[in-house]
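Student:
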Amino acid sequence: MAVSTFTFIGSVNPLLYERNEPVFIDVDKYWHMDSELLEKAIKENNIKAVVLPHIYGQVADIEPIKELCEKNNIYLIEDAAESLGAYYNKRQMEMEKLFILEQ
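Numbers 120 to 222, taken from my numbering, label the letters of the sequence shown in order.
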């Protein structure tokens, strides 16, 4: 599973508990997962899911990561705990979906 290097430990502990080895993906200048580094990691690792946290009330750039996941048949799990009140494409994040798991 791919996880951002900049996240709360609660995004990683469940993976470790289930004996999954996280693949850490570095962040961009806005503290969100870097989609280019994710693409490289997908090519080099057997990634079955991506945990994408939204940090500091800001929404990560979802579209390129979503496209990578769809192209490679990878689950996308968005951690929106820190994005309450944030907007993405003119819609509030918490109004978008209650639980987000996409493949």
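The beta carbon of each residue, even a glycine, is placed where N, CA and C say it ideally should be. Values in this document were obtained by computation on a predicted structure and should not be read as measured data.
Can you find at least 3 beta carbon pairs, one from the region 198 to 205 and one from the region 172 to 183, that sit closer than 8 Å?
Tutor: Output reads yes: the region 172 to 183 touches the region 198 to 205.
Student: When DSSP builds the beta bridges, which residues end up paired with Val169?
Tutor: Paired residue(s): Ala121, Leu195.
Student: Using the rule of at least 16 other Cβ atoms within 10 Å of the residue's Cβ for burial, across every protein chain shown, is Thr124 buried or exposed?
Tutor: Result: exposed.
Student: Who are the near neighbours of Asn164 in its chain, counting only those whose CB is closer than 6 Å to its CB and skipping five residues on each side?
Tutor: Cβ neighbours of Asn164 beyond the five flanking positions: Val142.
Student: Would you list the residues sitting across from Tyr206 in a DSSP beta bridge?
Tutor: Beta-bridge pairing links Tyr206 to Gln211.
Student: Looking at the unbroken alpha helix (DSSP H) that takes in Ile128, where does it start and where does it end?
Tutor: Run containing Ile128: none; DSSP gives neither H nor E here.
Student: Which residue from Asn192, Glu182, Met120 puts its Cα closest to that of Arg138?
Tutor: Ranking the options by Cα distance to Arg138, first place goes to Met120.
Student: Which of the three DSSP states is assigned to Ile144 in this structure?
Tutor: Reduced to three states, the DSSP call for Ile144 is strand.
Student: Span of the alpha helix (DSSP H) holding Ala230?
Tutor: What the structure shows of the chain is the stretch from 120 to 222, and residue 230 is not part of that stretch, so it cannot be assessed.
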